[in-house]
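2 protein chains.
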Amino acid sequence: MKRPEPRTEPVPEATSHRLSLLLRSLRSLEAAGVRTASSYEIAARFSLNSAQIRKDLAQFGEFGVRGVGYRVADLKAHLKDLMGLGVTHAIGIAGAGKLGQALADSPNFNAEGFRVAALFDVDGRKVGGCSRTGVPIRDVQALDGLVKKLGIDIGILAIPEAGAVPLAQRMAGAGVRAILNFAPVTVPALPGVLVKNLDLTFFLENLSFQLAIAKA
Amino acid sequence: MKRPEPRTEPVPEATSHRLSLLLRSLRSLEAAGVRTASSYEIAARFSLNSAQIRKDLAQFGEFGVRGVGYRVADLKAHLKDLMGLGVTHAIGIAGAGKLGQALADSPNFNAEGFRVAALFDVDGRKVGGCSRTGVPIRDVQALDGLVKKLGIDIGILAIPEAGAVPLAQRMAGAGVRAILNFAPVTVPALPGVLVKNLDLTFFLENLSFQLAIAKA
Numbered sequence: 000m001k002r003p004e005p006r007t008e009p010v011p012e013a014t015s016h017r018l019s020l021l022l023r024s025l026r027s028l029e030a031a032g033v034r035t036a037s038s039y040e041i042a043a044r045f046s047l048n049s050a051q052i053r054k055d056l057a058q059f060g061e062f063g064v065r066g067v068g069y070r071v072a073d074l075k076a077h078l079k080d081l082m083g084l085g086v087t088h089a090i091g092i093a094g095a096g097k098l099g100q101a102l103a104d105s106p107n108f109n110a111e112g113f114r115v116a117a118l119f120d121v122d123g124r125k126v127g128g129c130s131r132t133g134v135p136i137r138d139v140q141a142l143d144g145l146v147k148k149l150g151i152d153i154g155i156l157a158i159p160e161a162g163a164v165p166l167a168q169r170m171a172g173a174g175v176r177a178i179l180n181f182a183p184v185t186v187p188a189l190p191g192v193l194v195k196n197l198d199l200t201f202f203l204e205n206l207s208f209q210l211a212i213a214k215a
Numbered sequence: 000m001k002r003p004e005p006r007t008e009p010v011p012e013a014t015s016h017r018l019s020l021l022l023r024s025l026r027s028l029e030a031a032g033v034r035t036a037s038s039y040e041i042a043a044r045f046s047l048n049s050a051q052i053r054k055d056l057a058q059f060g061e062f063g064v065r066g067v068g069y070r071v072a073d074l075k076a077h078l079k080d081l082m083g084l085g086v087t088h089a090i091g092i093a094g095a096g097k098l099g100q101a102l103a104d105s106p107n108f109n110a111e112g113f114r115v116a117a118l119f120d121v122d123g124r125k126v127g128g129c130s131r132t133g134v135p136i137r138d139v140q141a142l143d144g145l146v147k148k149l150g151i152d153i154g155i156l157a158i159p160e161a162g163a164v165p166l167a168q169r170m171a172g173a174g175v176r177a178i179l180n181f182a183p184v185t186v187p188a189l190p191g192v193l194v195k196n197l198d199l200t201f202f203l204e205n206l207s208f209q210l211a212i213a214k215a
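Going down the list, the protein sequences come from chains A and B. Residue 137 in numbering that gives the first Met the number 0 sits at position 138 of the first sequence; the count goes up by one each step and never skips. Residue 0 in numbering that gives the first Met the number 0 sits at position 1 of the second sequence; the count goes up by one each step and never skips.
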């Protein structure tokens, strides 16, 4: 495999999501015992676009083998490596409410590349307990020390709006490198920390918007 | 206000999300008693881009008033109307697990434009009960009748992967017009129904990807 020069500009979210879909497709092919596949075969099987697959991959190297297509296991390993999923990221979730616990117990937040290390809450009735799958619920006061001790590099905010910005700042100060914010407030960029604001209401509003346009 | 010709092509999700942010900003301004504001003032106060605000709005009409800027209440009302939020969408959530109940009880899924009308589940121990805020949990077998009776036009899938596609098809058959799918599987396009697949893992993988590139 040849690789282009390392790139430092951000990868567009749409590209990243397509590569996530491709990775999911490769896992599925591997589980089905398929060892090699062309971009056409992958595209047909998973309703993807073959030209887009080739274009997305071409930005990061030459992964295909002439006359063979892609070796499924190899391409999966390369993609995982490229996307930083060869190591396991430890996740800390602020907010042990229903959303926080749903994420903590989600198989997909504890799959290749990720492990939820702790939930944090202010509620003394929850602290000391754990989620259904055994993720410990810790006092938010212990956040700074536990981020370091558990090697937490990704923080998730599943708390109400009011606490989100201060808690993001606190996570950043403790050494978290990326934050996924579900609170309906914009957490501004923090030095040296990636922040993704993910207000789920916006997706509902988008559906409403499209329905309104379709009706017009 | 002048309006351009009605448009039928889909609005890009990024544009829609920016208009959602703008709407949130206008609600905040209104709550603070601000009656008029220029795009510069709105941008400065909410960390938005003033040229982008004007460009996004210009696609849908002329909303500003020369020498005044925007009238906050008017622009908010126009945006709500444009985005189909002047009517209340009834939402049905399949899956009364933690994620489903978190969404059902979320103030933002029961705010202007939306109301969660019912949760659906297969678990006989949950059916007949309700969520913390009182959203009834109904048997999924009753879905078809209740979609019609309650006027549910948006369905949310908060269930495991295996059931997602059949349930989406069932919702579509019952008359749901848009589906937001949180299960980690792609629900394909269904005739006459908007489908948004929202695998939250992809946002985590994107953060991992960006961290890997920053390190390279």
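In this text, a Cβ means the ideal position worked out from N, Cα and C, and glycines have one as well.
1. Going along chain B in order, which residues have a C-beta closer than 9 Å to the C-beta of Leu84(A)?
2. Determine, for Lys97(B), whether the minimum Cβ-Cβ distance to residues of chain A falls below 8 Å.
3. For Asp198(B), which of helix, strand or coil comes out of DSSP?
4. Can a CB atom of chain B be found closer than 8 Å to the CB of Ser46(A)?
5. If we ignore side chains and look at the alpha-carbon of each, how far apart do Arg114(A) and Ser24(B) end up?
6. Cβ closer than 7 Å: which chain A residues qualify as neighbours of Pro183(B)?
7. What did DSSP end up calling Met0(B) once you bin it into helix, strand or coil?
8. Does any residue of chain B have a CB that is nearer than 8 Å to the CB of Asn72(A)?
9. For the stretch 162 to 187 of chain A, which residues have a CB atom closer than 7 Å to at least one CB atom of chain B, in sequence order?
10. When the Cα atoms are used, what is the spatial distance from Gly112(B) to Pro187(A)?
11. Please name the residue or residues paired with Ala36(A) in a DSSP beta bridge.
12. What does the alpha-carbon distance come out to for the pair Glu12(A) and Asn180(B)?
13. Can you grab the Cα-Cα spacing for the pair Lys195(B) / Ala177(B), in whole Å?
14. So, does the stretch 35 to 46 of chain A touch the stretch 67 to 78 of chain A, judging by three or more C-beta pairs under 8 Å?
15. How close, in whole Å, do the beta carbons of Val184(A) and Glu204(A) come, if the pair is a contact with beta carbons under 8 Å?
16. Would you give the residue range spanned by the alpha helix (DSSP H) that Gly172(B) belongs to?
17. State the DSSP-derived secondary structure class of Leu179(B), mapped to helix, strand or coil.
18. Take every Cβ of the stretch 115 to 129 of chain B, pair it with every Cβ of the stretch 120 to 134 of chain A, and state whether three or more of those distances are shorter than 8 Å.
19. Just to make sure I have the definition right: I need the residues of chain B whose C-beta is within less than 7 Å of the C-beta of Glu61(A). Which are they?
20. Any beta-carbon of chain A closer than 8 Å to the one on Thr200(B)?
21. Just to make sure I have the definition right: I need the residues of chain B whose C-beta is within less than 7 Å of the C-beta of Gln100(A). Which are they?
22. Quick one: grab the DSSP three-state call for Pro135(A).
23. Going by DSSP, what residue range makes up the beta strand (DSSP E) through Gly154(A)?
24. Are Ile92(B) and Ala157(B) touching if we call contact CB-CB under 8 Å?
25. Assuming Leu118(A) and Ala101(A) are in contact, meaning their beta carbons sit under 8 Å apart, how far apart are those beta carbons, in whole angstroms?
26. Under 8 Å between C-beta atoms, does Lys195(B) make it to chain A?
27. Just list the residues that DSSP pairs Phe113(B) with in beta bridges.
28. Which residue comes first and which comes last in the alpha helix (DSSP H) that contains Asp55(A)?
29. Report the three-state DSSP secondary structure of Asp120(A) (helix, strand or coil).
30. Is it buried or exposed, Gln209(A), if we count other Cβ atoms within 10 angstroms and call 16 or more buried?
31. Can you tell me where the alpha helix (DSSP H) holding Thr14(B) begins and where it ends?
32. Who are Ala141(A)'s beta bridge partners in DSSP?
33. From the DSSP secondary-structure annotation, give me the bridge partner or partners of Val192(A).
34. If we cut at 8 Å on Cβ distances, does Glu12(B) have a partner in chain A?
35. If you run the structure through DSSP and keep just helix, strand and coil, what is Val184(B)?
36. Report the residue from Ala116(A), Leu47(A), Gly85(A) whose alpha carbon sits nearest the alpha carbon of Ala95(A).
Let me spell this out:
1. Glu204, Ser207, Phe208, Ala211
2. yes
3. coil
4. yes
5. 35 Å
6. Neighbours of Pro183(B) on chain A, chain order: Asn107.
7. Reliability of the predicted coordinates at Met0(B) is poor, the pLDDT of 47 falling under 50, and the value obtained from them is presented with this limitation in mind. Residue state, collapsed to three classes: coil.
8. Checking the sequence, you will find Ala at residue 72(A) rather than Asn. No, because no Cβ of chain B sits closer than 8 Å to the Cβ of Ala72(A).
9. Arg176, Ala177, Leu179, Pro183, Thr185, Pro187
10. 27 Å
11. Tyr69(A)
12. 19 Å
13. In a straight line, the C-alpha of Lys195(B) is about 8 Å away from that of Ala177(B).
14. yes
15. The Cβ separation is near 16 Å, so there is no contact.
16. 160 to 173
17. In the three-state DSSP reduction, Leu179(B) falls in the strand class (E or B).
18. no
19. The contacting residues do not exist; Glu61(A) stays about 17 Å from chain B at best.
20. yes
21. For Gln100(A), the chain B residues whose Cβ falls inside 7 Å of its Cβ are Lys97, in order along the chain.
22. In the three-state DSSP reduction, Pro135(A) falls in the strand class (E or B).
23. 151 to 156
24. yes
25. In fact, because the Cβ distance is near 11 Å, the residues do not count as touching under 8 Å.
26. yes
27. His88(B)
28. 49 to 57
29. Assigned with DSSP and collapsed to three states, Asp120(A) falls in strand.
30. buried
31. 12 to 30
32. Answer by DSSP bridge pairing: none, since Ala141(A) is not bridged.
33. Leu189(A)
34. yes
35. coil
36. Each of Ala116(A), Leu47(A), Gly85(A) was checked against the Cα of Ala95(A), and the nearest Cα belongs to Ala116(A).
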